[in-house]
Each structure stands twice: as C-alpha cells, then as structure tokens.
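Below is one structure, written out as structure tokens; the observations come after it.
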Amino acid sequence: MISLFIKSGLNQEEYYSFFRNFASMNQKSVTILGIESSCDDTSAAVIRDGLLLSNVIASQSIHEEYGGVVPELASRAHQQNIVPVVDMALKKAGITRHDLDAIAFTRGPGLLGSLLVGTSFAKGMSLGLRIPIIEVNHLHGHVLSHFVRQKPDDRVPSFPFLTLLVSGGNSQLVLVKSHNRMEIIGQTIDDAAGEAFDKCAKIMGLPYPGGPHIDRLASQGDPDRFKFAKPHIPGLDYSFSGLKTSFLYTLRDHVKTTPDFIEENKADLAASLQKTIIEILLDKLDKAVRQTKIKTLTIGGGVSANSGVRKAVAEYCEAHGIEAFIPQRAFTTDNAAMIAIAGQFKYLDRKFCPYNAAPFARTSV
Ligand code: KG4
23 MISLFIKSGL
33 NQEEYYSFFR
43 NFASMNQKSV
53 TILGIESSCD
63 DTSAAVIRDG
73 LLLSNVIASQ
83 SIHEEYGGVV
93 PELASRAHQQ
103 NIVPVVDMAL
113 KKAGITRHDL
123 DAIAFTRGPG
133 LLGSLLVGTS
143 FAKGMSLGLR
153 IPIIEVNHLH
163 GHVLSHFVRQ
173 KPDDRVPSFP
183 FLTLLVSGGN
193 SQLVLVKSHN
203 RMEIIGQTID
213 DAAGEAFDKC
223 AKIMGLPYPG
233 GPHIDRLASQ
243 GDPDRFKFAK
253 PHIPGLDYSF
263 SGLKTSFLYT
273 LRDHVKTTPD
283 FIEENKADLA
293 ASLQKTIIEI
303 LLDKLDKAVR
313 QTKIKTLTIG
323 GGVSANSGVR
333 KAVAEYCEAH
343 GIEAFIPQRA
353 FTTDNAAMIA
363 IAGQFKYLDR
373 KFCPYNAAPF
383 ARTSV
C-alpha cells in the first residue's frame, strides 16, 4: 500500500479513497492531531473544531551546555520523546487515536533530522489509522496560532490582518488574507530578531537561548543608558546584523579599560539592547500599518514572549485604534497546537499531503 502513495500519477479520488473517513468529509466535527518537531521541542496537540483539547511539549535541556541547539542531539531526543508525547496528548484530550480525522505535521522550515522524526511518525501513524496527513509550514502555524481557542467564545482575528512574526530564525511582516493565503511584505535581510537577542546575550556571557535572560535583566536596567546602531534599510525589510556588531564593539571598547564592565552594567546593557530591538521592529511595523491601512495586528514567534515587545505592540495598537492579538506565552514558542489548527484549516480545504513529502529545512510563509 505504501508504494501506492509513493508512485506518482495517482488521481485524487484514488488517493483519497484509501482514507477511511474520506466519504464523511461533510462531518460536523473535525479532530486533528498536530505534531511539531522542527527544532528542540517535541510537541503533540489535539484540536477539535478549533478548540484545544491538549498541548504537550517536551523541551530538550541537553543543548544548554553547548550554547545552541545541536541538530544530531535534537533528532535523537525527538525519537525518544515522540511516542510518549503523542500518547500523552491523546490521553489529556480524552480521546483515542481512532477518534482522529487527520494528522498535521511540521514539514519545515527547521532542522532536517528533527523534522524527519515528526514527518515519519505522522506518516506511519496515518497509514496505520487510514487517515490523511497534512503538511504544515511552521511559520503558517505561528501566524495561525491566534485561531486556537481554549474556550468557545475566545476572540480570533478577522481578515485581513498583519502579523509581526519574530523568532530565532525569522523576522517577517506577513499580510494574512485568509487561513491559507498569506503574503510576506517585509523580512530580515540578515539576522532574525531572536538571533540579535541570542548573539548579543552570548557576547555578554549569558546562557543560550539569551532572549529570556535579556528580557529578565532589562526589567531592572536603564533603557536609555547606551545607544546602539540602527539600520537604514529601505522599505519594510529588517536588518539586525549591524546592531549586533555595534553591541560587540561597544562592549569590547569598554572592557579594554574596565574588565568588569559587562558584569557591572548588565541590566543597563540588556535594557538598552532590548529597547533598540523594539524600536527597529516597531519602525517597520508602523510603516506596514500605514501602507496596508490594516486594523488588526497579531504577533507571534519566540520573541513575541518578550515583555518589552508585548508592551510596545499593545501600546502602539492602542494609540492607533488597532485591534491587537498578543499570544499567551505558551503559544509564542514552538508548540503543536498551532500546527493542529493550521492543519484543521487545510483539512477543511482538503489540502492533504502525499506520502513522498520530504521535510524542508528552509522556506518562508
Ligand atoms: O519561535 P522560537 O521558539 O524558535 C524558532 O526560532 O523557531 O523562537 C526562539 C527565539 C530565541 O531566539 C529566543 O531567544 C527568543 O525566541 N525568545 C525571546 C524570549 N523568549 C524567547 N527573546 C526575547 N525575549 C524573550 N522573553
């Protein structure tokens, strides 16, 4: 049967007829298992009709001592975690695997070895259950995370809206026209905002990932104490590599004369760095809002957990009469709930995935 799916030239009806529930696509209720394994978190979640039934995340602490994610260690940890994590997600949701209508998995972007674990698991489980698989772009997941409802009356954004997507690998401004149609109108030309946080934190000798450490220190520091370079890039694109260099040179020059400079000034350094990153983000965000005349704004990705970013975006929206969607912190970092909800919208559009789909390391929304 597997070869049936791998061979090309299968017509759509032949392909879907394999799935036990294809005939009942007009069913009232849709239950999706989401699987996320793009980096160093193994996560599984169950969503029924947009409502979150469970969201289990196993984080990998093994990378801390290396100052960054080690791909080979990450994929091995995913292999160990995936079965218990999926099992727990089903149990917490109060369902069995036979209640599932489809399995959504992160196809990319991310670490290839890590993605392979989730992709292969999703394929195997779907073949066993005779239910379709749905590939999800990790970045679409972040954008659509605002549609995960924990209570039936939770607010969700209306289209079109603008998303500021800021993570360790991406900084993008995305114009979202529908659940399955989005356009990048601005993105970083070098480092991502999360990389700026992490690389500058590393220069300060802070552990990986540095973003949360900068956030914590910044709350105790003076954001106006130090000035760092800001980019002059036309249009809506971002750049953070100049800031990183400016931060490095500032610290290097001070350390020459004051060896304890970083330790003595770490809160002010963190606060000033965070302020600069926020100003860079908000500058292009404001341009994008003016260009698109958009009235709804969402943020997503790991950096949207940052207290300063959340406050600045909320204040900006308040001042400009824009409806803001700031995700709960649990939904800012990698999680399978966002993969399941993205999968649900594709399921409703019958956008399934062939079994020869291989993961991809790089792409944008
Ligand atoms: O979205 P994410 O979990 O991973 C991907 O890149 O896909 O984002 C991770 C990034 C890291 O760069 C991390 O330092 C940053 O999000 N981050 C933060 C905070 N929490 C996570 N950056 C600043 N402040 C935070 N509180």
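In my numbering, the protein residues as written are 23 to 387. Just so it is clear, CB atoms sit at the ideal spot from N, CA and C, and this is done for glycine as well.
- Phe-183 is not a Cβ neighbour of Thr-354, given a cutoff of 7 Å.
- When secondary structure is reduced to three states using DSSP, Ile-299 falls in the helix class.
- Around the beta carbon of Thr-141, a 10 Å sphere encloses 16 or more other beta carbons of the protein chains shown; the residue is thus reported as buried.
- Taking C-beta separations shorter than 7 Å and ignoring five residues to either side along the sequence, the partners of Ser-180 in its chain run Thr-318, following chain order.
- Rounded to whole angstroms, Ala-379 and Met-204 show a C-alpha spacing of 22 Å.
- Rounded to the nearest angstrom, the Cβ distance from Ile-236 to Leu-149 is 45 Å, too far for a contact under 8 Å.
- In the structure shown, Leu-138 adopts helical secondary structure according to DSSP, grouped into three states.
- Counting only runs of 3+ residues, the beta strand (DSSP E) found wholly inside the segment 332–357 occupies 345–347, in chain order.
- Taken atom to atom, the span from the alpha-carbon of Gly-330 to that of Ile-207 is near 24 Å.
- For ligand 1, no non-hydrogen atom lies closer than 6 Å to the CB of Ser-76.
- Buried is the label assigned to Ile-125, since at least 16 other Cβ atoms lie within 10 Å of its Cβ.
- By the Cβ rule, the segment 67–83 does not count as touching the segment 334–351, because fewer than three pairs are nearer than 8 Å.
- At least one heavy atom of ligand 1 falls within 6 Å of the beta-carbon of Asn-328.
- Bridge pairing for Asp-63: Ser-81 [DSSP].
- Lys-249 is not a Cβ neighbour of Ala-218, given a cutoff of 7 Å.
- Between the C-alpha atoms of His-162 and Thr-128 there is a straight-line separation of about 10 Å.
- In this structure, the C-beta of Phe-250 stays at least 6 Å away from each heavy atom of ligand 1.
- Nearest C-alpha to Glu-286 among Asn-328, Ser-268, His-254, Gln-242: Gln-242.
- Here the segment 301–318 makes no contact with the segment 274–285; the two share fewer than three CB pairs at distances below 8 Å.
- In this structure, the beta-carbon distance from Gly-132 to His-160 falls below 7 Å.
- Annotated three-state conformation of Lys-249 is coil, per DSSP.
- Look at Tyr-260 here: in three-state DSSP terms it is strand.
- For Ile-255, no beta strand (DSSP E) encloses it, and the DSSP letter there is neither H nor E.
- Beyond the five residues adjoining it in sequence on each side, Leu-304 comes within less than 8 Å, by CB distance, of Ala-334, Val-335, Tyr-338 in the same chain, given in chain order.
- The beta carbon of Ser-51 sits closer than 7 Å to the beta carbons of Arg-70, Asp-71 from its chain, once the five residues preceding and following it are set aside; these are given in chain order.
- By the neighbour-count definition (other C-beta atoms within 10 Å, threshold 16), Tyr-260 is a buried residue.
- The DSSP-derived three-state label of Phe-169 is helix.
- Secondary structure note for Ser-193: its beta strand (DSSP E) is the uninterrupted segment 193–200.
- Counting the other Cβ atoms within 10 Å of the Cβ of Asp-275 gives fewer than 16, which makes it exposed.
- Rounded to the nearest whole angstrom, the C-alpha separation of Ala-310 and Lys-278 is 41 Å.
- In summary, Leu-370 is exposed, with fewer than 16 beta-carbon neighbours lying within 10 Å of its beta-carbon over all protein chains present.
- Excluding the 5 residues flanking it on each side, Thr-53 has same chain C-beta neighbours closer than 6 Å at Arg-70, Asp-121, Leu-122, Asp-123, in chain order.
- Pairing Gly-323 with Thr-118, the inter-Cα distance amounts to about 30 Å.
- Beta-carbon to beta-carbon, Ser-263 and Asp-212 are separated by about 4 Å, close enough to satisfy the 8 Å threshold.
- Under DSSP, Val-277 forms no beta bridge with any residue.
- Along the length of the segment 71–137, whole alpha helix (DSSP H) runs at least 4 residues long occupy 93–115, reported in chain order.
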